[in-house]
Amino acid sequence: MQKKKAIAALLIIGLISTAILGYMLRVPQEDSNGQEQITTIEPHPYNSLNWWDVAWELGESKQFLTPFSEILNEGNRYVEYDEGYPQAADYVLNRMDSLGLDASYCGDHDSVLARQPGYGNDSRAIAFGAHLDTGPAGLGVDNNAGGCAVVSMIASILSQYRLPVDIYYCYFSYNMFFLDEQNKNRAMFGSKEIVDHLQSQGVDVIAYYNFDQLLFQDELQDEDQRLLVEHERLSLYSYQSTKYLADILIAFMKKSGEDIISAVEEYLTDTDHQSFWEAGFPAVNIRSGHEVNPDDPPSDSKNSPDYNKTQAGLVAKAAATTAVYLSHKGNGKMTDLKIENSLAPGQQVSYHTAMTKSQKMDILGGISGNGTLAVEIRNASDTILPFTSISGNETSLQTDHVTGLGPVQITVANYDNNATSFEIHLRYESDTDGNGVVDSEQYSWPQPDPPLDWDKDGLSDKDEQEIGTDIFVQDTDGDSMNDGPEVQNGLDPLVDDSSEDLDGDGLTNIREMIIGTAPNNNDTDGDRIPDAWEVNFRTDPLVNDSTADVDNDNLTNYEEYQYGADPLQMDGDLDGLSDWEEVQVGTNPLDDDSDGDGLKDELEILEGLDPLAPDYDSDLSPDGPDPNPRVNAILIIILLSCVPILVGSIIFWRRIG
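Numbering follows my numbering, in which position 172 of the sequence shown is assigned residue number 178; successive positions increment by one, without gaps.
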């Protein structure tokens with residue numbers, strides 16, 4: 007018996023515990039102060055990146071593959087033929103238009119030029135280009151649908167930015183048209199005309215990247231020569247005028263984890279970057295570094311096994327990253343390169359950049375917990391900061407030596423026994439044009455108008471940083487209301503307050519956002535009629551319609567609200583009396599039986615009864631079930647009861663008299 011009682015007791019305790027646990031999981035928990043706990047908001051991964059590194063993450067393969075296929079679908083694009091090139095050029099124009107860019111034909115030879123305006127007030131610009139035309143035979147897959155697709159991919163990425171400098175996207179004609187029978191001298195009319203146009207507009211091209219035959223790969227040749235960045239000779243030109251553009255592109259290519267691209271001095275390649283060189287603009291040419299065997303040339307087809315479209319896509323991502331990096335040089339600020347990551351024991355990570363000014367670099371950082379990391383900085387083959395231990399929330403140091411011009415590698419290593427998170431900032435000056443004046447002093451631009459708003463949530467990036475919302479997420483707290491409208495309407499963008507009713511008008515915050523009323527104003531249109539009433543009765547809460555009389559019952563919407571009537575029905579309760587008539591007699595225009603006696607208001611009025619008195623004859627019987635509501639049944643009974651008494655009394659008095 008005792009055992010059965012114990013088992014029963016355990017079952018009861020288990021059921022009660024389960025019920026309590028279920029209740030706790032269902033009901034929002036409160037902290038020790040009685041405040042509802044706020045769910046932790048995970049920041050978007052882009053918050054840990056530099057602005058230029060975001061460009062790398064925005065790159066998608068379809069941004070390359072789609073224009074690549076569409077251009078090839080137009081067939082041969084030789085400029086002397088009636089078809090092919092015009093159709094491909096029209097496709098490019100439409101694609102640029104779809105990205106919100108200003109695109110048009112340029113020059114007498116119908117190259118395509120698209121412009122992404124910057125918000126700065128100087129003439130600086132960065133340009134990307136590839137020739138769109140082909141020779142008289144073939145599809146021109148590698149020469150040069152691949153290059154054009156790279157330019158289009160860059161446009162797809164950068165069009166998501168607002169940058170302080172202009173960006174130009176060039177698709178040249180007449181590159182494959184030769185001026186001699188030996189096919190040695192290319193006309194390059196298209197690139198020359200575009201350069202002339204840019205010069206006539208006073209555009210200062212600070213960097214031009216040309217993409218030419220990027221796809222060919224031979225697995226038997228050197229891996230680091232798969233792609234080459236051709237720049238002008240350092241013996242004739244300064245580092246900043248061309249070699250720097252190669253180094254910074256290569257630095258960002260290393261984000262791929264592959265070492266497949268190298269810089270090379272070259273001045274004989276006859277293609278469109280030459281037009282920019284001749285105009286004095288810094289320019290480089292990117293092409294495949296693997297040599298084609300003339301006895302066994304690759305199949306120039308879309309799906310050729312000799313073509314590597316992935317490497318072309320990586321070049322596009324690196325070029326877009328480079329553009330964002332270069333465009334932000336100036337405005338009184340040193341370059342602030344952020345490295346934020348988490349390293350397991352024994353793990354290390356490297357970041358690459360390039361210096362345009364000899365200097366010592368400042369390192370600022372913070373390490374989580376009690377962790378310790380080691381930082382090394384190398385400039386080419388020189389070590390300017392040997393592995394140095396850093397720890398604590400606030401670390402500040404400077405490189406031991408001055409950097410030279412050229413590539414720089416920063417390595418952060420975790421030699422500790424625990425995983426460690428860190429955020430390190432490297433700060434340095436830049437002199438992009440090599441004129442001896444640092445960019446932070448040479449270039450400046452006004453604040454963008456309208457302000458930058460990356461996620462387009464109606465709240466500027468600056469305001470988001472101050473408030474604590476996420477620059478990259480439209481709805482930081484995930485309550486289906488964007489951050490901008492929440493702040494503008496007095497709501498909390500960091501707390502899910504969608505089901506609350508801030509203005510107490512009977513409409514939840516989320517519903518007000520959906521229909522467009524103000525969550526912090528119970529009368530959005532100021533017509534003295536609450537939003538909830540207007541929504542429930544289908545008038546417009548966004549327009550002052552207080553004097554309107556939609557149902558033509560001689561009552562304005564405001565009067566209908568005051569009297570509790572339906573503004574869209576002349577007889578809201580369908581009792582036969584119009585709302586106006588009900589107001590005159592004082593009945594409820596939304597209740598066909600105002601006094602609740604079982605008779606409709608109209609019938610009571612027709613019968614001469616009082617629609618506001620449930621017992622017209624005061625006989626303690628409601629008018630509805632009363633067979634004769636105008637006659638007091640109690641009084642009749644009393645009177646009838648008095649008749650025999652009266653008769654008896656008369657007879658009695660007669661007998662005694």
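Glycine residues also receive a C-beta, built at the ideal position from the N, C-alpha and C atoms. None of these values were measured; they are calculated from a predicted model.
Scanning the segment 508-533 for uninterrupted alpha helix (DSSP H) segments of 4 residues or longer gives 515-521, listed from N- to C-terminal end. Counting only runs that start and end inside the segment 169-256, the alpha helix (DSSP H) elements of at least 4 residues fall at 195-206.
Going by DSSP, Y97 is part of no beta strand (DSSP E) but of the alpha helix (DSSP H) stretching over Y91 to S104. When DSSP assignments are scanned along the segment 404-434, the uninterrupted stretches of beta strand (DSSP E) that are 3 or more residues long and fall wholly within it turn out to be 412-419 and 426-434. In the displayed model, V321 falls within a helix according to three-state DSSP.
If you draw a straight line from the Cα of E272 to the Cα of D422, it is about 46 angstroms long.
Taken through DSSP and simplified to helix, strand or coil, L497 comes out as coil. Under the three-state reduction of DSSP output, D481 falls in the coil class, being neither helix nor strand. Apart from sequence neighbours up to five positions away, the residues of its chain that approach L465 with a beta-carbon distance below 7 angstroms are D459, T475, D489, G490 and V493, ordered along the chain.
The Cβ atoms of M367 and L432 sit closer than 9 angstroms to each other. The segment 229-243 makes contact with the segment 276-292, as at least three CB pairs between them are under 8 angstroms. Remark: C-beta atoms of A329 and I132 approach each other more closely than 9 angstroms. The closest CA to that of G484, considering only D498, I473, K339 and E472, is found on D498.
In this structure, A193 and Y177 do not form a Cβ contact; the two beta carbons are roughly 16 angstroms apart against a cut-off of 8 angstroms. Fully enclosed beta strand (DSSP E) runs of no fewer than 3 residues occupy 108-112, 117-122 and 130-137 of the segment 105-139, in order along the chain. In this structure, DSSP gives D276 a state outside helix and strand, which the three-state scheme calls coil. Residues S504 and I516 of the same chain have their beta carbon placed closer than 7 angstroms to that of S486, with the five preceding and five following residues left out of the count.
When rounded, the separation of the alpha-carbon atoms in D312 and Q223 is 6 angstroms.
DSSP, reduced to helix, strand and coil, places E346 within a strand of the structure shown. For H203, the closest of D186, S244 and D114 by C-alpha to C-alpha distance is D114. Just so you know, the alpha carbons of P536 and T545 end up roughly 11 angstroms apart.
In this structure, DSSP gives Q471 a helical state, which the three-state scheme calls helix. Annotation for N563: T545, D551, S552, A554 and P573 place their beta carbon closer than 6 angstroms to its own, counting only its chain and skipping 5 residues before and after.
Remark: C-beta atoms of M340 and E400 do not approach each other more closely than 9 angstroms.
Secondary structure at Y331: helix, using DSSP grouped into helix, strand and coil. In the DSSP assignment, Q354 falls within the unbroken beta strand (DSSP E) covering Q354 to M361. With at least 16 other beta carbons inside 10 angstroms of its own, W539 counts as buried. Beta-bridge annotation (DSSP): D388 is paired with N385. Contact annotation, P170 with Y84: C-beta distance approximately 39 angstroms; criterion of less than 8 angstroms not satisfied. Non-local C-beta neighbours of F258 in its own chain, meaning closer than 6 angstroms and more than five positions away in sequence, comprise A324, T327 and T328, ordered along the chain. Per the C-alpha coordinates, the member of T359, N347, L221 and Q317 positioned closest to K308 is L221. Rounded to the nearest whole angstrom, the C-alpha separation of N149 and V381 is 44 angstroms. Around the C-beta of N216, 16 or more other C-beta atoms lie within 10 Å, and the residue is accordingly described as buried. By DSSP's assignment, A380 forms a beta bridge with S395 and A419. Residue T248 holds the alpha-carbon nearest to the alpha-carbon of H279 among F393, V209, V541 and T248.
For the options Y449, I662 and T277, the alpha carbon positioned closest to that of D139 is the one of T277.
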